[in-house]
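Scroll down for the structure; my scribbles are underneath it.
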Amino acid sequence: MKKKIVAIVAIVALIAIVAVCLTACNADSIAKKLENKGYEAVAMSADDISEEFGEDAEIKWGVSAGKLDGLDFVTVVKFAKADDAKEAAEAAEAFGMAVDRVGSIVYVGTEQGVKDAK
1 MKKKIVAIVA IVALIAIVAV CLTACNADSI AKKLENKGYE AVAMSADDIS EEFGEDAEIK
61 WGVSAGKLDG LDFVTVVKFA KADDAKEAAE AAEAFGMAVD RVGSIVYVGT EQGVKDAK
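Anchor point for the sequence shown: position 97 equals 97 in UniProt numbering, and the numbering is continuous, going up by one each time.
This is how it looks when you write it as structure tokens:
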């Protein structure tokens, strides 16, 4: 009986965690987070982003933000496929930018910009 209760609680907790993760990471929430930290954030269209990352990559959404002092900036892009995100992250690293990838989401910019976006 105890094992069944523990299993049910674990499943409910897992579903809740997945729901929070899926709803917490979208263009609006990232833009709002960055604006609260003093950035000017702009949503980017999939067409704008495709020009930067290549036509082959399917883009879901993107946000570009920079501080008014011009020192910190970040671009966050959600790709449809994790493989496309991995390729984009590797390309950005070749340019010497700070890069972090979480699944199909790529953060590119200055060290502080990437840190603030996450």
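Ideal Cβ positions, reconstructed from N, Cα and C, are used throughout, including at glycine.
Check, Outcome
"Own chain partners of residue 114 with C-beta closer than 6 angstroms, once the 5 adjacent residues on each side are dropped", "74, 98, 100, 107"
"Integer Cβ distance of residue 72 from residue 110, believed to fall under 8 angstroms", "5 angstroms"
"Inter-residue Cα distance where the pair is residue 104 and residue 28", "17 angstroms"
"Boundaries (first-last residue) of the beta strand (DSSP E) holding residue 66", "59-67"
"First and last residue of the uninterrupted beta strand (DSSP E) at residue 78", "73-79"
"Own chain residues within Cβ distance below 6 angstroms of residue 126, not counting five before or after", "Nothing can be reported for residue 126, as the shown portion of the chain is limited to 1 through 118."
"Cα-Cα separation, residue 46 to residue 59", "6 angstroms"
"Same chain only: Cβ atoms within 7 angstroms of residue 81, ignoring 5 sequence neighbours per side", "58, 104"
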